[in-house]
Amino acid sequence: MKKDPRELRKFGVVMAAGLSAVSILLLIRGTGAWRFTAAAGGLFLLLGLTLPRVLAPLERAWMKFAHALGFMMTSILLTVVFFTGVTITGLLMRLLGKRPLNLNISREADSYWAAVDPEGPCDRPEKPY
2 MKKDPRELRK
12 FGVVMAAGLS
22 AVSILLLIRG
32 TGAWRFTAAA
42 GGLFLLLGLT
52 LPRVLAPLER
62 AWMKFAHALG
72 FMMTSILLTV
82 VFFTGVTITG
92 LLMRLLGKRP
102 LNLNISREAD
112 SYWAAVDPEG
122 PCDRPEKPY
């Protein structure tokens, strides 16, 4: 899929801004690597403004990396949120003594059927739930 030069230009400017921010942070920390990131940012800006089509393979590779990273992070975050939510809910229900399934077995019980009081024979088909 061919990219519009305007989109590639935006990609070059955004990468230049990101690399410039990283180089400023590296400069503040006192490492010598800031020169490389600043040069890469300048190169992205120069190519983005003058020859944006040169950035097309880099943008394609960057987007593939971003999609893979997004898939991994989504999976990790959803797993963490699910397990913490289920664990906290289970612990709270145990602390409060709640048993929503009523799994107590009674040998004296004839049936475990729970009678439900319907709202009426005429309204029931209109309110199935």
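If you're matching positions, the sequence shown starts at 2 in this note's numbering and goes up one per residue. Beta carbons are placed, not taken as given, at the ideal position from N, Cα and C, and that holds for glycine.
query = To the nearest whole angstrom, what separates the beta carbons of glycine 13 and leucine 50, a pair I think is in contact under 8 Å?
reply = Reading the sequence shown from its first residue, position 12 is the one you call residue 13. Reading the sequence shown from its first residue, position 49 is the one you call residue 50. The pair is a contact, with the Cβ atoms about 7 Å apart (cut-off 8 Å).
request  = Below 6 Å CB to CB, which residues in the same chain sit around alanine 41 once its five sequence neighbours on both sides are set aside?
outcome  = Within the sequence shown, residue 41 is the residue found at index 40, counting from 1. Around alanine 41: Leu20.
request  = Report all residues from its chain with a CB closer than 8 Å to the CB of leucine 9; omit the five preceding and five following residues, and keep chain order.
outcome  = Along the sequence shown, one-based indexing puts residue 9 at 8. Closer than 8 Å at Cβ, skipping near neighbours: Gly49, Pro53, Arg54, Leu56, Ala57, Glu60.
message = Using a Cβ-Cβ cutoff of less than 7 Å, which residues in the same chain neighbour valine 23 once the five nearest sequence positions on both sides are dropped?
response = Indexing the sequence shown from 1 puts residue 23 at position 22. Within the same chain, valine 23 has close Cβ partners Thr38.
inquiry  = Quick check: leucine 46 and tryptophan 35, are their CB atoms within less than 8 Å of each other?
reply    = For the purposes of this step, residue 46 is taken as the residue at position 45 of the sequence shown. For the purposes of this step, residue 35 is taken as the residue at position 34 of the sequence shown. No, Cβ-Cβ distance for leucine 46 and tryptophan 35 is not below 8 Å.
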